[in-house]
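Visitor: Below is one structure. I have some questions about it.
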Amino acid sequence: MEEKNIEIVKELYRSFKEGNDHNIAQLLSHDVRWNQMVGFPGGGRYVGITDVFQRVFAGLHSQWADWQSDTVAFVACDNTVFVKGYYSGIHKISQKTFKVPFIGEYKIEGGMITEFNQFTDTYLIVQATVED
74 MEEKNIEIVK ELYRSFKEGN DHNIAQLLSH DVRWNQMVGF PGGGRYVGIT DVFQRVFAGL
134 HSQWADWQSD TVAFVACDNT VFVKGYYSGI HKISQKTFKV PFIGEYKIEG GMITEFNQFT
194 DTYLIVQATV ED
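Note that our numbering gives residue 161 to position 88 of the sequence shown, counting from 1, and the numbers run on in steps of one.
Here it is, written out as structure tokens:
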């Protein structure tokens, strides 16, 4: 079961990289809880696929050029998968770049992602949004 859960989360990151919104939607439960850190651009709690696509993913695409979520490790414990990786991107207005480590926590139930919790250094990301 843990290996299957890891594969679900790996598929999510492959879909992010490919820009495959249809596949992303197939991996998320209809009432997914998506929790981004306060202080992260667009941070907060979002509930449901529509909310996540309209308020999280659209915000990333509108503010950042070449936003990346590169993964380096996946660890599962029961129905939870932890992902270690790096966010990077170029802010569209300031043209500043950043690269910061992150940990993502995913809850899996019935083969679907039901919850995401983000852990990252929000300060460095916000600094990239500030024009000199």
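Even for Gly, the Cβ is constructed at its ideal location relative to N, Cα and C.
(1) So what does DSSP say about Ile-186, is it helix, strand or coil?
(2) List the residues that DSSP assigns as beta-bridge partners of Ser-142.
(3) Look up Gln-99 in the DSSP assignment and give the residues it is bridged to.
(4) Give the single residue among Tyr-119, Cys-150, Tyr-160, Val-125 whose Cα lies nearest to the Cα of Trp-137.
(5) From Gln-168 to Ser-135, what does the alpha carbon distance come to, in whole angstroms?
Guide: The answer reads as follows:
(1) As a working note, residue 186 is residue 113 in the sequence shown. Reduced to three states, the DSSP call for Ile-186 is strand.
(2) Start at 1 with the first residue of the sequence shown, and residue 142 comes out as number 69. Among the bridge pairs identified by DSSP, Ser-142 is matched with Tyr-160.
(3) In the sequence shown, residue 99 corresponds to position 26, counting from 1. BP columns for Gln-99 are empty, so no partner.
(4) For this step, residue 137 is matched to residue 64 along the sequence shown. Selected option, being the one with the closest Cα: Tyr-160.
(5) Position 95 of the sequence shown, counted from the first residue, corresponds to residue 168. Position 62 of the sequence shown, counted from the first residue, corresponds to residue 135. Taking the straight line joining both Cα atoms gives about 13 Å.
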